[in-house]
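Residue numbers (the numbering used here), protein chains in the order written: chain A, 38 to 543; chain B, 1086 to 1406; chain C, 471 to 616.
Even glycine gets a Cβ: it sits at the ideal position worked out from N, Cα and C.
Worksheet: the structure to be examined is printed underneath.
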Amino acid sequence: MEIFQGLLYGFQVVLQPINLFYCFIGVFIGTLVGVLPGLGPAAAIALLLPSTFAASPVSAIIMLAGIYYGAMYGGSTTSILVNIPGEAASVVTCLDGHAMARQGRAGPALGISAFGSFIAGTLSVIVLTFLAPSLAKVALSFGPPEYFSLMVLGLTILTYFARESMVKALMMAAVGLLCGSVGVDSISGRYRFTFGIQTLMDGLGLVPVIMGLFGISEVLLNLERGKQKQEIFATPAKGLFPTREDWRRSTLPIMRGSVLGFFLGVLPGAGAIIASFVSYAVEKKASKYPERFGTGVIEGVAGPEAANNAAAGGAFIPLLTLGIPANAVMAILLGALMIHGLQPGPLLMKQAPDVFWGIITSMYIGNAMLLVLNLPLIPMWARLLRVPYAILFPFILLFCLIGSYSVTNNVGDGIVMWVFGVLGYLMKKFDYEAAPLILAMVIGPMMEEALRQSLILSAGSFTIFVARPISAGFILAAALLLILPLITRRREVAKAWTSVPQESAE
Amino acid sequence: MMKGLLGMLTVALLLSSASHLRAQSYPNQAISLVIPLAPGDAGDVAGRAMADELSKLLKVSVATLNKPGGGLTIGTDAVVKAKKDGYTILLTSNTALIAGRILNPETTPYDSFKDLTPLGMSTRTPVMFVVRSDAPYTRFQDLVEFAKKNPGKIRVGTAGVGTAGHFALELINSLTGAGMTMVPFKGASPAATALLGGHLEAAILAIGTLSGHLQSGQVRGLVVSSRSPPYPDVPLLTQIGYRQNIHGVWYAFFAPAGVSKEVTAALVAAIEKAVKDPSIVAKLAPLGMVQDYAPPEKLVTEMREEYQAVEEIAKKAGLVK
Amino acid sequence: MSRDLISGLFWLAIAIFFSIEGLIHLKLGAVRQPGPGFFPFWGGVVLGLLSLVLLLNSLKNRDRLSLSGLKSSKFLLATGAILAYLLLLETLGFVTITFLFLFLLLRLEYKGWVFSAVSALGGAVSSYALFQLWLKTQLPAGPFGF
């Protein structure tokens, strides 16, 4: 009952015109930031934080939260249209989303990601409303050993991102691990592979690497292809919204993506990007036609897009109930709450019920606003594809440049993007996939840190990974995932390992 | 097409050489305050608040510029290399000036004493040693006793190698002989989370991250680096019989070395007023930050003492060769 | 030379570099207490072994490599323009360098002078308005204050 009173109270707060206004501004900026490649929600929230000082705490937090989940909606747009992720959690959406756009199905792809985002976003707020305190305990039960085992499980899904050669996909994962090891080693404090370059001291930035591998390289390749590219896009978009068949195929992926994303979002550190990768792997595994993934399968868009939105919702739980930020964005929101004189954590619900329930209910309203905002934009985005590439590409490059620079205001990050842009171009020429690299680069450092912390905690004993039930469960699941396919489909696996990569169809 | 690139270069050269319009008395144009932290970070909030106040005092715009990364050394180095005209100033912390210099001299390409003009100490964030409130020890001495009897049983989370908390733990271990295990995390939040989840017995962190958990009563402070008004009962090490205190985090203003006397004087006077401004003091208190002004000479003295102390700790702990 | 052969050799070199660096410069540590070199070393070893598999496979199939794109003036100009943008950004200021950058690239695809100049100016000014004035990014100012 308390919850319903809280919700009612929250809606009274949010439905005040001023808060509705801030909510709209938040989701609008979020969509924009999501659409623009490079500039992500963390940077945008940090930059706009000072301008909210004048507003009331509720309004300020409602707006900043709106930027975060709004960015998850917008992020898929450029992934689908130009094969460049708008923010990190939309990398996976490129794989099938852009393939759909090339078949003239940009509309349905954008549509299903908007609807999927709405459904997942709303579901995650409902779960957040009712289960927040008990889920918070789950988040706390994750210590370094649990994270290590979870990351081991995460690595096993790498094989699902091999489109042609398994060897090459695994190679890219290894490269991702190596890229992740650049910078200060958090356990020993030693610098690794920095060559005395200050920019590299904190490691290779995820944003510059993604912008390089996906953004710059894509533009370079298209420039070289010249006119052909535009002809592909000149084919009229077949329908702007998902068909009944699209819906039938997307319903389960959206549900699965929501659940997965939500739970991974609750765990500090894991977050939206890992959730989207896991969801893609799960859909490929569950599909009757896994071999068609990567050629424009709508499940490959629906699942990950639902997952990253649900993760955005889940991430609020540890912040609101424990005062623990689950990711960089939540850390800034925590700072914002504190600047406004509020203490996030168990006391927030009692000390500032207007803020606690206001944020939660604003997410119901904000998700609805985003759907209303995004659906009419779809025809407009689809029309954007008719703009000649010769005019479009300088602006894409410009947005990538601004995005990579404005994360740290450091030209060095732009240079990192440039290097990975050229590398990404060569990788495409030589048939290497960038997705496994990104996944491993995210997982690798977390896995390494957790492993070494666990061994410090246990004074060098490996039993810590199997003696704790959650950790043991993940290890077992990872082992099963690795071993089962080897037994049941030995022949196919053997074939995949030695298969000759075809001359790229692209 | 190479012509285009050449053209760009020529224009660039022309523009950069035509930019100097020299002027009368300082300050007569916008000052940029470099903050080597990400926007929204506690130190950044302090810097922005004081920049607003400085704008009013100096009657020119004081715009903050965030240059995060490299444990504050990237932004600090940018100011070391900036023009010595007083229009680029810096708010940085002992992480960049002391820990960075001692632990990683090769990636900290400046001399904290020679390459910067000190303008005044502004803000302190005390470092606190905390345990979960369900822990059996209420006094620091009880914990030390337990740790001595059970080596390796007290595992203490820090925000990472080379942070103030890390040095503090090394000092505590060497003063007490408690032999507690250090578990480094990437930042203060993950360490606090692990403490709350029961994966650690204690943590030693800057107060900002802890204040929510302190107020809700989930964690309890056992010892602190300097007085923190909201927690008057937590003692300093010297108050419970040890000869040295642990060092907290502090922020201070600097200009590049070689800035003229009159510029320095103007800045020092304005900074003193901005730091002592009551509205800023009130605004930063909930973030665990204490405004504590010290003039340039005192700042340098404290820096030298701390540098020596920390270098000694680092050598003892085998962190430097 | 096939594509797999060339790229396999490249990654093999990277792998050897990281493993050696991890083994010698950083410390491997013990199994019970991995050092900073542990992950880079094993990451390098795995990459190296996979590269060898790829190299062996590549001997069986020989496809012709076409890297003519690398020599194309468009590739050089685009990568050169990005690099020049980064190197001159903090000297020239955002608006000036953005105008030059957009203008050069629009001209690259043979759009008219007037069209290129107008779009470049519009793009530079509106992106400044969007990012600097509205989203409050801290873009570098040039000698003219923008």
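Next item on the list: Count the other CB atoms, across all protein chains shown, that sit within 10 Å of the CB of residue 1113 of chain B; report buried if there are 16 or more and exposed otherwise.
Entry: exposed
Next item on the list: Give the DSSP bridge partners of residue 220 of chain A, in chain order.
Entry: A:229
Check: What residues of chain B sit near residue 383 of chain A, judged by a beta carbon separation below 7 Å?
Finding: 1301
Item checked: One or two residues paired with residue 1073 of chain B in a DSSP bridge -> Shown here, chain B extends from 1086 to 1406; a query on residue 1073 of chain B therefore has no answer.
Checklist line | Cut-off 8 Å between Cβ atoms - residues of its own chain near residue 222 of chain A, not counting five sequence neighbours on either side | finding: 228 and 229
Check: Can you give the Cα-Cα distance for residue 53 of chain A and residue 1296 of chain B, rounded to whole angstroms?
Finding: 31 Å
Next item on the list: Indicate the three-state DSSP secondary structure (helix, strand or coil) for residue 1131 of chain B in the structure shown.
Entry: helix
Item checked: Partner residues on chain B for residue 486 of chain A, Cβ-Cβ distance less than 7 Å -> 1271
Note to self: Just to confirm my understanding: we take residue 1358 of chain B, look at its own chain, exclude 5 residues before and 5 after, and list those with CB closer than 7 Å. What are they?
What the structure shows: 1142
Margin query: 8 Å is my cut-off, CB to CB: does residue 1284 of chain B come that close to chain A?
Written below: yes
Check: According to DSSP, is residue 1289 of chain B helix, strand or coil?
Finding: strand
Notebook entry, point to check: Residues of chain C with a CB under 7 Å from the CB of residue 218 of chain A: which are they?
Noted result: 509, 510 and 513
Note to self: Am I right that residue 337 of chain A and residue 133 of chain A are in contact with their C-beta atoms under 8 Å? What's the rounded C-beta distance?
What the structure shows: 3 Å
Notebook entry, point to check: Mind checking whether residue 84 of chain A and residue 606 of chain C have CB atoms under 8 Å apart?
Noted result: yes
Next item on the list: Establish whether the CB of residue 1175 of chain B and some CB of chain A are separated by less than 8 Å.
Entry: no
Item checked: Beta carbon proximity, residue 1241 of chain B to chain A, threshold 8 Å -> no
Check: Do you know how far the Cα of residue 1375 of chain B is from the Cα of residue 1366 of chain B?
Finding: 7 Å
Notebook entry, point to check: For residue 1207 of chain B, does the three-state DSSP call read helix, strand or coil?
Noted result: strand
Notebook entry, point to check: Beta-carbon of residue 497 of chain A versus every beta-carbon of chain C: anything under 8 Å?
Noted result: yes
Check: What is the rounded straight-line gap between the Cα of residue 1342 of chain B and the Cα of residue 1328 of chain B?
Finding: 35 Å
Notebook entry, point to check: So which residues of chain A does residue 1371 of chain B contact, with C-beta pairs closer than 7 Å?
Noted result: 375 and 378
Check: Hey, residue 242 of chain A and residue 444 of chain A: beta-carbon distance below 8 Å or not?
Finding: yes
Check: Ordered along the chain, which non-local residues of its own chain (more than five positions away) have a Cβ less than 7 Å from that of residue 1381 of chain B?
Finding: 1203, 1204, 1205 and 1353
Next item on the list: Assess, as a yes-or-no matter, whether the stretch 139-148 of chain A is touched by the stretch 92-111 of chain A under the definition of 3 or more beta carbon pairs within less than 8 Å.
Entry: no
Notebook entry, point to check: Looking at the C-beta of residue 397 of chain A, does it have a partner C-beta in chain C at a distance below 8 Å?
Noted result: no
Check: Along chain A, which residues have their Cβ under 7 Å away from the Cβ of residue 1298 of chain B?
Finding: 360 and 382
Note to self: With three or more C-beta pairs closer than 8 Å as the rule, is the stretch 153-167 of chain A touching the stretch 1265-1278 of chain B?
What the structure shows: no
Next item on the list: May I have a chain-ordered list of the alpha helix (DSSP H) segments no shorter than 4 residues that lie completely inside the stretch 149-215 of chain A?
Entry: 181-193
Check: Would residue 646 of chain C count as contacting chain A if we go by Cβ distances under 8 Å?
Finding: Here chain C comprises residues numbered 471 to 616, so residue 646 of chain C is not present and cannot be evaluated.
Item checked: Alpha-carbon spacing of residue 265 of chain A relative to residue 119 of chain A, whole angstroms -> Note on residue 265 of chain A: pLDDT 49, under 50, position unreliable in the model; no value is reported.
Notebook entry, point to check: Any C-beta of chain A sitting closer than 8 Å to the C-beta of residue 608 of chain C?
Noted result: yes
Item checked: Assumed close pair residue 1256 of chain B, residue 1187 of chain B - CB separation to whole angstroms, cut-off 8 Å -> That pair is no contact at about 14 Å.
Check: beta strand (DSSP E) containing residue 1338 of chain B: first to last residue?
Finding: 1334-1341
Checklist line | Nearest-angstrom beta carbon gap, residue 51 of chain A and residue 402 of chain A [assumed within contact, 8 Å] | finding: 6 Å
Notebook entry, point to check: Is it right to say residue 319 of chain A is buried, meaning 16 or more other beta carbons lie within 10 angstroms of its own, or is it exposed?
Noted result: buried
Note to self: Across the stretch 1310-1317 of chain B and the stretch 1233-1247 of chain B, are there enough close Cβ pairs to call them in contact, namely three or more that are closer than 8 Å?
What the structure shows: no
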